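When we follow our numbering, the leftmost residue of the sequence shown carries the number 1007, and every step to the right adds one.
Worksheet: one structure, shown below.
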Amino acid sequence: MVDQKCLSFREMKRVSGSEIIKIFSDVAGDITIVVDGESFLLHKFPLVSRSGKIRKMVADAKDSNSSKLELHNIPGGPQTFELAVKFCYGMNFEITTTNVASLRCAAEYLEMTEDYRDENLVARTEVYLNEVVVQSLEKSVEVLSICEMLPPVAEEVGIVNRCVEAVAVNACKEQLVSGLSRLDCNGESAELKSGCLEWWIEDLSALGIDYYQRVVCAMGRAGIRPDSITASLMHYAQASLKGIGKFQIWNPARMKSNRTMAENDQRTILETLVSLLPNEKSSSIPQNFLFGMLRMGIMVDASIACKLELERRIAFRLEMVSLDDLLIPSIQTGDSLFDVDTVHRILINFLQRIEDEDNDNCGYESEGLGSPGHGSLLKVGRLIDAYLAEIAPDPYLSLQKFIAMLEILPDYSRVIDDGLYRAIDIYLKAHPMLTEHECKKLCKFIDCQKLSQEASNHAAQNDRLPVQMAVRVLYFEQLRLQNALSGSSGDGFLSQRMSSGVPSAAMSPRDNYASLRRENRELKLEISRMRVRLSELEKEQMFMKQGMIDKSGNGKTFLTSISKGIGRIGIFNGPTGGKRQKSSRKSRGDGKTGRSRRYSVS
């Protein structure tokens, strides 16, 4: 049975002294209109006097002698139709932000225009929209959120466009007010400063992604600060990108065909938010937020363009990244525990940016925003060394991927190679099945001249390293001790580096400039390395002085023990050094003496 709903107008309040209520209060209805299963027993005259659609339907129904009409897909449903009927009968009701959009769409559907009666429902709702809604940012957002549930007629009558532009314009006004508030907040507590942020950021999170995208684009055209847009995007992402369980990170067996509707929606939201991010030079986007978006993009299988854009933005300020950010779990079946390929692509973007900035500087050092420079490159070098040490214990990490991460950074990105040595040593320990050739391939990335005293001592006694590596470490340690005793500071080596960097006259000016920049990096690196060596020499000098003062019980000083230690390493001096070196290798090859005397410190 269809519910019958007969309007009893005796119980309703009148708008004015109109006699229409008195006329129809005692007259039985002569037409039934069904809206989405609900039936309304009404009178033809007040309806046809204001609604062009009902007038046409009544005229067509006369031929069939039918007193029943059906309205399909009316905006707002039976509740909005009931308000439209009240308007036709002159009943009193209030137009609000919650019903104005549906009333305006219903009036368009029922053709309640000025062609049939002055001050009809279309005109009345337009007055409310123009004088009340668009004057307020909060009311505009509320009406926009309601339009998402209405049919396309809301777009056709211009409600959406007006509300979008109203939000942008009113946000500009709020920006001026909030700017003054921030000035007033100077010197106040952090809680008060946080209250000075734009309050509308939270309101916009109630919008669907389509309308939110239009609002953000309108704000950009209106001149809203990029930092405010970034804050809004971050808040929207935190409020919307939910509903995917953590188990999916470690469940790579999920197939795309099993992807739920919620995951597809979140993929659309993520890709849209990434496309709305302001230019990296105009707004500072937190790196942890970008990494969170990248992880989510990997989980929901976002488009390649979306993930590459996030990787490019992360590479723009890679020196500000923490180690935890780089540890992205891998979702590929049978792959390593961490997504090494993504980090490798980020490094490529970072190095490409350095090269581009070097070409754009035209001979001058860049101090602009986001210019990595040599200092940033050194920070990234330390970060990658820590990252390599973190992923090295992974038994599923292939040698090819590990070597790709080792060789991507240039030599001048590291002052010392202690971190690199530690990562390689951990990898050798976690992968004992590597062949001798593979071990040599790994160890060639370690520069023995860039190892600290502690790392050199450890490497000389490390059984996991190839014999050639240990010999090189001992050789350079002997040279270091000889320089320390002779008072040499490495000026000869530095002058050799400087003389090798003189550009050729046959080179082009661009090549000359590139050569000078490379030489400049090498000199900076050498200076940094000399500072580290100087610090070590100062410590050794302090220990030697202390040893000369504090004699041991048998009368031997610390300096005497050091001299004897140097004498034992003196196998590389004199004409017979090469022969002794060969005999040493033979003894190690026989496995009787060389490796039995070593021990692992790691």
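Where a beta carbon is used, it is the ideal one built from N, C-alpha and C, also for glycine.
As the structure is a computational prediction, the values presented were derived from the model and not from experiment.
Out of the options, state which residue places its alpha-carbon closest to the alpha-carbon of residue i.
{"i": "S1289", "options": "R1351, D1391, R1319 and L1210", "result": "R1319"}
{"i": "E1277", "options": "D1347, M1550 and S1309", "result": "S1309"}
{"i": "L1239", "options": "A1129, L1089, S1404 and F1295", "result": "F1295"}
{"i": "N1098", "options": "L1127, R1110, E1117 and K1074", "result": "L1127"}
{"i": "Y1418", "options": "G1214, L1075, I1555 and I1533", "result": "I1533"}
{"i": "N1270", "options": "D1307, I1409 and V1346", "result": "D1307"}
{"i": "E1361", "options": "A1321, L1448, G1035 and K1059", "result": "A1321"}
{"i": "I1037", "options": "K1068, H1350, R1056 and G1340", "result": "K1068"}
{"i": "A1461", "options": "L1448, P1472 and A1476", "result": "A1476"}
{"i": "L1135", "options": "T1103, A1113, E1162 and E1117", "result": "T1103"}
{"i": "D1424", "options": "Q1406, L1405 and V1479", "result": "V1479"}
{"i": "L1471", "options": "L1279, K1446 and S1328", "result": "K1446"}
{"i": "A1395", "options": "E1076, Y1427, L1384 and Y1122", "result": "Y1427"}
{"i": "C1094", "options": "L1075, K1074 and M1118", "result": "M1118"}
{"i": "E1485", "options": "E1076, K1456 and L1156", "result": "For the sequence presented, residue 1485 should be read as Leu rather than Glu. The option with the nearest alpha carbon to L1485 is K1456."}
{"i": "E1315", "options": "E1286, C1169 and A1107", "result": "E1286"}
{"i": "F1616", "options": "I1039, E1325 and T1274", "result": "The chain is shown from 1007 up to 1608; residue 1616 falls before or after that span and cannot be answered."}
{"i": "L1491", "options": "L1543, A1174 and R1388", "result": "L1543"}
{"i": "I1060", "options": "A1107, G1096 and E1114", "result": "E1114"}
Would DSSP call residue i helix, strand or coil?
{"i": "I1334", "result": "coil"}
{"i": "S1328", "result": "coil"}
{"i": "V1163", "result": "coil"}
{"i": "I1422", "result": "coil"}
{"i": "G1214", "result": "coil"}
{"i": "M1305", "result": "helix"}
{"i": "A1398", "result": "coil"}
{"i": "M1550", "result": "helix"}
{"i": "F1451", "result": "coil"}
{"i": "E1525", "result": "helix"}
{"i": "Q1141", "result": "coil"}
{"i": "W1205", "result": "coil"}
{"i": "E1132", "result": "helix"}
{"i": "D1362", "result": "helix"}
{"i": "R1323", "result": "coil"}
{"i": "H1437", "result": "coil"}
{"i": "Y1242", "result": "helix"}
{"i": "M1155", "result": "coil"}
{"i": "D1431", "result": "helix"}
{"i": "E1483", "result": "helix"}
{"i": "S1606", "result": "With a pLDDT of only 35 at S1606, under the threshold of 50, the placement of this residue in the model should not be trusted; the figure read from the coordinates follows. Reduced to three states, the DSSP call for S1606 is coil."}
Who are residue i's beta bridge partners in DSSP?
{"i": "F1344", "result": "P1335"}
{"i": "I1037", "result": "L1048"}
{"i": "E1076", "result": "V1040"}
Would you call residue i buried or exposed, if buried means 16 or more other Cβ atoms sit within 10 Å of its Cβ?
{"i": "P1081", "result": "buried"}
{"i": "V1133", "result": "exposed"}
{"i": "H1078", "result": "exposed"}
{"i": "R1227", "result": "exposed"}
{"i": "A1065", "result": "exposed"}
{"i": "S1506", "result": "Confidence at S1506 is low in this model, with a pLDDT of 41, below 50, so the placement of that residue should be treated as unreliable; the coordinate-derived value is given next. By the neighbour-count rule (16 or more Cβ atoms within 10 Å), S1506 is not buried but exposed."}
{"i": "F1046", "result": "buried"}
{"i": "V1183", "result": "exposed"}
{"i": "Q1272", "result": "buried"}
{"i": "N1167", "result": "exposed"}
{"i": "Y1402", "result": "exposed"}
{"i": "K1545", "result": "exposed"}
{"i": "P1052", "result": "buried"}
{"i": "L1156", "result": "buried"}
{"i": "F1549", "result": "exposed"}
{"i": "G1611", "result": "Summary: the structure shown does not reach residue 1611, with the chain confined to residues 1007 through 1608, and so no result is reported for it."}
{"i": "W1205", "result": "exposed"}
{"i": "A1245", "result": "exposed"}
{"i": "P1158", "result": "exposed"}
{"i": "E1100", "result": "exposed"}
{"i": "L1415", "result": "buried"}
{"i": "I1354", "result": "exposed"}
Less than 7 Å separating the Cβ of residue i from some heavy atom of the ligand COA?
{"i": "E1363", "result": "Among the components of this structure there are no ligands whatsoever, and the ligand COA is therefore not found."}
Return no unless some Cβ of chain D is closer than 8 Å to the Cβ of residue i.
{"i": "Q1272", "result": "You won't find chain D in this structure, because it holds only one protein chain."}
Can you give, in chain order, each stretch of the alpha helix (DSSP H) that sits fully within the segment 1214-1238 and has at least 4 residues? 1215-1228
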